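*Asks:*
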Amino acid sequence: MVLVLLAAGVYFYKEYNRKPADISNVEPAASSGATALVELYESDEAKANQQYLGKAIEVTGAIDEINNQQDTLVNVMVGESSSMHKVSCLLDNRYVASIRNYRVGQQIIIRGICTGYLMDVEMNRCVIIEKK
Amino acid sequence: MKNIRISIFFAIILSTIISAAGLAQTRYFTKTGKITFNSRSPMENIEAINNKVVSIWDVASGQIEFSVLMKSFEFEKALMQEHFNENYVESDKYPKAIFKGTIENSNALDLTVDRSITVKVNGNLTMHGVTRPVSTTALITVKNKAIAASTSFSIALADYKISIPSLVADKINKKITITVNIPDYQLVVKK
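Chains as they are written, first to last, in this note's numbering: chain B, 1 to 132; chain H, 1001 to 1191.
1) Taking the alpha carbon of Arg1040/H as the reference point, which residue from Asp1170/H, Val1068/H, Leu1187/H, Ser1150/H has its own alpha carbon closest?
2) So, for Ala1021/H: in the same chain, excluding its five sequence neighbours on each side, which residues have a beta-carbon less than 8 Å away from its beta-carbon?
3) Note down, in chain order, each residue of its chain lying with its Cβ closer than 8 Å to the Cβ of Ser1019/H, except the 5 sequence neighbours on either side.
4) Identify the contact partners of Thr1126/H in chain B, using a Cβ-Cβ distance below 7 Å as the criterion.
5) Distance check for Glu42/B and Met123/B, CA to CA, integer angstroms please.
6) Please compile the residues from chain B whose C-beta is within a distance smaller than 8 Å of the C-beta of Gln1081/H.
7) Listed in chain order, which residues of the region 1092-1124 of chain H have Cβ atoms closer than 8 Å to some Cβ of chain B?
8) Between the Cα of Val87/B and those of Thr72/B, Glu58/B, Val121/B, spot the shortest distance and give me the residue it belongs to.
9) Unbroken alpha helix (DSSP H) runs of length 4 or more, entirely within the region 1053-1100 of chain H: which are they?
10) Here's a check: name, in chain order, each residue in its chain whose Cβ is nearer than 6 Å to the Cβ of Ser81/B, leaving out the five neighbours to either side.
11) Three-state secondary structure (DSSP) at Lys1143/H?
12) Note down, one range per segment and in chain order, each beta strand (DSSP E) of at least 3 residues found wholly within the region 18-82 of chain B.
13) Quick one: what's got a C-beta closer than 6 Å to Val1196/H's C-beta in the same chain, skipping five residues either side?
14) According to DSSP, Phe1153/H sits in a beta bridge with which residue or residues?
15) In angstroms with no decimal places, state the Cα-to-Cα distance between Asn1087/H and Thr1126/H.
16) Could you please give me the residues that DSSP links to Lys131/B through a beta bridge?
17) Compute the Euclidean distance between the alpha carbons of Leu1069/H and Arg100/B, then round it to the nearest angstrom.
18) Could you tell me if Ala36/B is buried or exposed, where buried requires 16 or more neighbouring beta carbons within 10 angstroms of its beta carbon?
19) Are the region 98-112 of chain B and the region 1043-1058 of chain H touching, with three or more C-beta to C-beta distances below 8 Å?
20) In this structure, does DSSP put Arg1040/H in helix, strand or coil?
21) Using DSSP with H/G/I as helix, E/B as strand and the rest coil, what is Asn1051/H?
22) Closer than 7 Å by beta-carbon distance: list the chain H residues that pair up with Asn124/B, in chain order.
23) Between which two residues does the beta strand (DSSP E) holding Ser88/B run?
24) For the region 1145-1169 of chain H, which residues have a CB atom closer than 7 Å to at least one CB atom of chain B, in sequence order?
25) Would you say Ser1135/H faces chain B, with C-beta separation under 7 Å as the test?
26) Using Cβ-Cβ distances below 9 Å, what residues of the region 94-120 of chain B are close to chain H?
27) Checking the sheet assignment: what are the DSSP bridge partners for Asn124/B?
28) Once the 5 residues before and after Lys1174/H are set aside, which same chain residues still bring their CB inside 7 Å of it?
29) Out of curiosity, what's the CA-to-CA distance linking Asn1183/H and Asn68/B?
30) Helix, strand or coil for Ile1117/H? Go by DSSP, reduced to three states.
31) Quick one, which of Val74/B, Leu6/B, Ala21/B, Glu39/B has its alpha-carbon nearest Tyr102/B's?
32) Within 10 angstroms of its Cβ, does Glu15/B collect 16 or more other Cβ (buried), or is it exposed?
33) Would you kindly work out how many angstroms separate the C-alpha atoms of Ala21/B and Lys1034/H, rounded to a whole number?
34) Looking at the strands, I want to know which residues DSSP matches up with Leu1187/H.
35) Thinking just about the alpha-carbon of each residue, which of Ser1152/H, Ser1116/H, Ile1162/H is nearest to the one in His1128/H?
Next up, the structure:
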């Protein structure tokens, strides 16, 4: 009985203090080209949300911009520079250094949580995926 | 017939002048605003941060808008973030929150001189499918031609039909403080 209570206690304590998942350890629910993802959101936001909202997705495309935000954050815009809308990827703070090997115009694979569509398709907690 | 042609000609000229005047507006825009919300209670302090705030401010009319995605709020603890999205704000059903309002006397503001200005902002906040009026003061800071803005106000969860289960009621304040911080408004149109 004491053991059961103890186990339950440990479980609740761990569950309560659980940190948001490191996306590099999360299997993506879908993958898409950046341009195709933007086009889907532009044409039918509700349908795109049904498919992608809140899910870990992997996006492939060319880097359009790399921006520093508030000193410590790094945001990577992926997509066609001619398009008004892109995929806006806010990097997980633990992985901001990994962008150093990349330049604007280069292809990149980014995995993150799709949080929806404002001016761009938004992704949070992003990590760069290196394919071997 | 000729008169009609002339009047059409003048109508075109006139409409061109009007639309040119309409373009001669100063607009500021950002995609990198930050909104933080805080719930303080004796049991627990909860904070969430959203670094993807989109805002546009039309200086002449004073109209100002903010949009955020509810799922872009990041919490320290995963369980809180899940409860926030699934049970409280139901972000699958209501993915965005939008504020539309007006800055009082916006067109009279001199944004060319370095200084801080306190302004009044009135408008409507739509969240969780509910629209409610919000009035607050904001601070606009001009420094080396860069424009920043910040404000803070509190909302009652009940006003937005967000109900907190009694089990966790003592951990979540019924009034939430929302802090808005726009570090860098970009000038988009000026003629």
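Just so you know, even glycine gets a beta-carbon here, dropped at the ideal spot from N, CA and C. It should be emphasised that the depicted structure is a prediction, and the values quoted were computed from it without experimental measurement.
*Replies:* So, from the data block:
1) As a working mapping, residue 1040/H is identified with position 40 in the second sequence. Out of Asp1170/H, Val1068/H, Leu1187/H, Ser1150/H, Asp1170/H has the C-alpha closest to the C-alpha of Arg1040/H.
2) Position 21 of the second sequence, counted from the first residue, corresponds to residue 1021/H. Model confidence at Ala1021/H stands at a pLDDT of 47, short of 50, so the residue's coordinates are unreliable; what they give is reported in the following sentence. Here the set comprises nothing.
3) For the purposes of this step, residue 1019/H is taken as residue 19 along the second sequence, with counting starting at 1. Only weak support is given to the placement of Ser1019/H: the predicted model assigns it a pLDDT of 48, under 50, and the question is left unresolved by the model.
4) In the second sequence, residue 1126/H corresponds to position 126, counting from 1. Neighbours of Thr1126/H on chain B: none; closest Cβ ~14 Å, over 7 Å.
5) As a first step, residue 123/B is located in the first sequence; it is residue number 123 there, counting from the start. As a first step, residue 42/B is located in the first sequence; it is residue number 42 there, counting from the start. Going from the Cα of Met123/B to the Cα of Glu42/B covers about 16 Å.
6) By one-based count along the second sequence, residue 1081/H stands at place 81. Think of a sphere of 8 Å around the beta carbon of Gln1081/H: the chain B residues whose beta carbon falls inside it are Pro20, in chain order.
7) Listed in chain order, the positions of the region 1092-1124 of chain H with a beta carbon within less than 8 Å of a beta carbon of chain B are Asp1092, Pro1095, Lys1096.
8) The residue you call residue 87/B lines up with position 87 of the first sequence. When only C-alpha atoms are compared, the closest one is Val121/B.
9) Runs of the alpha helix (DSSP H) inside the region 1053-1100 of chain H: 1078-1083.
10) As a first step, residue 81/B must be located in the first sequence, where it is residue number 81. The beta carbon of Ser81/B sits closer than 6 Å to the beta carbons of Asp64 from its chain, once the five residues preceding and following it are set aside; these are given in chain order.
11) Translated into the one-based positions of the second sequence, residue 1143/H becomes position 143. For Lys1143/H, the secondary structure class from DSSP, reduced to helix, strand or coil, is strand.
12) Listed in chain order, the complete beta strand (DSSP E) runs (minimum 3 residues) inside the region 18-82 of chain B are 30-33, 56-69, 73-78.
13) The structure shown does not extend to residue 1196/H, since chain H is modelled only from 1001 through 1191, so no value can be given for it.
14) Here residue 1153/H refers to the residue found at position 153 of the second sequence. DSSP lists Ile1178/H as the bridge partner or partners of Phe1153/H.
15) As a first step, residue 1087/H is located in the second sequence; it is residue number 87 there, counting from the start. As a first step, residue 1126/H is located in the second sequence; it is residue number 126 there, counting from the start. Each residue's alpha carbon lies about 18 Å from the other.
16) Counting from one through the first sequence, the residue named residue 131/B turns up at place 131. Lys131/B is not bridged to any residue.
17) The residue labelled residue 1069/H in the question sits at position 69 within the second sequence. The residue labelled residue 100/B in the question sits at position 100 within the first sequence. Near 28 Å, if we compare the C-alpha coordinates of Arg100/B and Leu1069/H.
18) As a first step, residue 36/B is located in the first sequence; it is residue number 36 there, counting from the start. Exposed, because fewer than 16 other Cβ atoms sit within 10 Å of the Cβ of Ala36/B.
19) Counting C-beta pairs with one atom in each stretch, the region 98-112 of chain B and the region 1043-1058 of chain H have fewer than three that are closer than 8 Å, which means they do not touch.
20) The residue you call residue 1040/H lines up with position 40 of the second sequence. Looking at Arg1040/H - three-state DSSP - the assignment turns out to be strand.
21) On the second sequence, position 51 is the one that residue 1051/H refers to. In the structure shown, Asn1051/H sits in a strand (DSSP, three-state: E or B).
22) Position 124 of the first sequence, counting from 1, holds the residue named residue 124/B. Taking a Cβ-Cβ cut-off of 7 Å, the neighbours of Asn124/B in chain H comprise Ser1072, Glu1074, given in sequence order.
23) Along the first sequence, one-based indexing puts residue 88/B at 88. Where Ser88/B is concerned, the enclosing beta strand (DSSP E) stretches over 87-91.
24) Within the region 1145-1169 of chain H, no residue has a Cβ that lies closer than 7 Å to any Cβ of chain B.
25) Within the second sequence, numbered from 1, the residue matching residue 1135/H stands at position 135. Not one chain B Cβ lies under 7 Å of Ser1135/H.
26) Cβ contacts with chain H come from Ile113, Cys114, Thr115, Gly116, Tyr117, Leu118, Met119, Asp120.
27) For the purposes of this step, residue 124/B is taken as residue 124 along the first sequence, with counting starting at 1. Asn124/B is bridged to Ile113/B.
28) Locating residue 1174/H in the second sequence gives position 174, counting from the first residue. Setting aside the 5 residues that flank it on each side, Lys1174/H is surrounded in the same chain by Ala1156, Leu1157, Ala1158, each with a C-beta closer than 7 Å to its C-beta; the list follows chain order.
29) Taking the first residue of the second sequence as 1, we reach residue 1183/H at position 183. Taking the first residue of the first sequence as 1, we reach residue 68/B at position 68. Note on residue identity: the sequence assigns Pro, not Asn, to residue 1183/H. Taking the straight line from one Cα to the other gives about 12 Å.
30) As a working mapping, residue 1117/H is identified with position 117 in the second sequence. Annotated three-state conformation of Ile1117/H is strand, per DSSP.
31) On the first sequence, residue 102/B is found 102 positions in, with the first residue counted as 1. Nearest in C-alpha terms to Tyr102/B, of all of Val74/B, Leu6/B, Ala21/B, Glu39/B, is Val74/B.
32) Within the first sequence, residue 15/B is the residue found at index 15, counting from 1. When all chains shown are included, Glu15/B counts as exposed.
33) Here residue 21/B is taken as the residue at index 21 of the first sequence, counted from 1. Here residue 1034/H is taken as the residue at index 34 of the second sequence, counted from 1. Our two residues, Ala21/B and Lys1034/H, have alpha carbons roughly 22 Å apart in a direct line.
34) In the second sequence, counting from the first residue as 1, residue 1187/H sits at position 187. Paired residue(s): Tyr1028/H.
35) By one-based count along the second sequence, residue 1128/H stands at place 128. Looking at Ser1152/H, Ser1116/H, Ile1162/H, the one whose alpha-carbon comes closest to that of His1128/H is Ile1162/H.
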